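For reference, the structure discussed in these notes is given below.
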Amino acid sequence: MRFKQYINENIGDLTGQVIVITGANSGIGFEASRFLAYRGATIVMACRNLEKAKISAEKIIEENSGAIIHLLPYDQSSFASIDNFIELLKQKFTRINVLICNAGIYSPSRHAEMLPGLKLTIGTNFIGLYYLMRQITPYLDVKGVPTRVVFVSSLSAYHQPIRSLNYILTHNNSLFQQYANSKLAINRLFHVLAAGMNLHDFQDRKNISFYLMHPGVTSTNIIHNFPKWFADLGRFVLRIFVHHADKAALGIALLAGAPHVFNGSYYVPRGFCEISGKPIKKTFPKRMIKGSGQFLYDVGKFVKQLEKGQ
Ligand SMILES: NC(=O)c1ccc[n+]([C@@H]2O[C@H](COP(=O)([O-])OP(=O)(O)OC[C@H]3O[C@@H](n4cnc5c(N)ncnc54)[C@H](OP(=O)(O)O)[C@@H]3O)[C@@H](O)[C@H]2O)c1
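Under this note's numbering, the first residue of the sequence shown carries the number 8, and numbering increases by one thereafter.
Now the structure itself:
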């Protein structure tokens with residue numbers, strides 16, 4: 008494992024801490040799981056494919072025989088799966104210390120849908136995440152027990168104009184737009200939660216602190232659903248110009264386990280144009296704040312409509 012010194016210097020002993028990571032079987036989520044298991048945390052890998060998760064967990068245990076890892080089924084594109092996941096989590100643990108919201112896709116099809124009228128990428132990356140957060144915050148919010156939630160965003164969010172929910176649900180002209188809008192929406196959810204803004208769906212969050220990281224650009228499986236030639240070419244090009252998933256995961260691990268970070272912290276890679284490098288703290292971009300309360304209010308109403316329609 009690389010970066011042992013960095014991890015030892017920045018992250019304390021996490022023995023006894025329960026850290027849940029969504030999409031932990033691959034890429035950035037997998038590397039963050041390795042780092043945090045190395046510091047002694049009990050890791051819950053929340054994954055939609057438990058076969059893949061088992062192989063990934065075995066890799067971590069192979070290099071660290073003391074690692075404690077649990078696997079739970081979790082599909083962020085299904086409200087029923089999210090409800091089931093929270094139930095299983097409650098049965099296993101009376102409380103958890105950190106939730107890392109890492110699962111995400113870059114759908115290879117512009118037309119793929121999670122539900123009728125809801126595109127798969129925005130549905131999985133953001134609407135599913137919103138639903139998870141709404142359902143899980145009462146369980147996370149335990150008096151006297153500080154709990155952290157770490158969101159994983161993307162550099163692509165910088166490149167989208169601020170739009171209403173209705174606009175981003177109906178104007179999905181490119182795959183990039185769908186992905187970037189889903190990440191911009193995560194940024195706005197992070198801001199509203201961290202800033203303590205009043206939001207009907209999130210009354211219980213006094214003991215939770217919120218963090219956001221965009222990991223730059225890294226070569227992972229995020230493009231594995233694309234045609235093989237495209238995915239291979241993409242991975243080859245990315246490997247030359249950008250950092251490896253372990254370096255990209257350093258900031259996520261830091262926000263989950265470092266003692267010196269505080270609510271509302273926003274981290275990015277420190278290199279050229281924030282594409283790669285070790286993590287550094289940055290001021291959250293002001294333009295993403297504007298109108299985020301109204302945006303999240305609209306999301307809450309939209310999610311309720313989806314639930315009624317199911
Ligand atoms: N790679 C980059 O350059 C980059 C840049 C910025 C942000 N990010 C973000 O970093 C996060 C991790 O991505 P990655 O690059 O590490 O890609 P990755 O290797 O493909 O990992 C994504 C993880 O999310 C899981 N996932 C996908 N759809 C899911 C669903 N419906 N329910 C539950 N889990 C689901 C995947 O599971 P399967 O293995 O079953 O597909 C996988 O475990 C994502 O949020 C991504 O948007 C990545």
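We treat Cβ as the ideally placed atom computed from N, Cα and C, and that holds for glycine. Keep in mind it's a predicted model, so treat the numbers as computed, not measured.
Item, Value
"Contact test: G30 Cβ vs ligand 1 heavy atom, cutoff 7 Å", "yes"
"Reduced DSSP category for S272 - H, G, I as helix; E, B as strand; rest coil", "coil"
"Distance between L196 and F248 (C-alpha atoms, nearest Å)", "31 Å"
"Helix, strand or coil at T290 [DSSP, three-state]", "coil"
"Residue from S72, T49 and T131 with nearest C-alpha to R55", "T131"
"Cα-Cα separation, L240 to S226", "11 Å"
"Near ligand 1: K254 beta-carbon under 7 Å from a heavy atom", "no"
"Beta carbon proximity, Y137 to chain D, threshold 8 Å", "Although the question refers to chain D, the structure presented lacks it and comprises just one protein chain."
"Burial state of E38 (16 or more Cβ within 10 Å)", "buried"
"Local Cβ density within 10 Å of Q12, reported as buried at 16 or more and exposed below that", "exposed"
"Cβ neighbour criterion (16 or more within 10 Å) applied to C280", "exposed"
"Cα-Cα separation between V275 and H118, rounded to whole angstroms", "31 Å"
"Nearest residue (CA-CA) to F158, options G203, Y138, I259 and Y81", "I259"
"Pair within 8 Å by beta-carbon distance, L79 and L43", "no"
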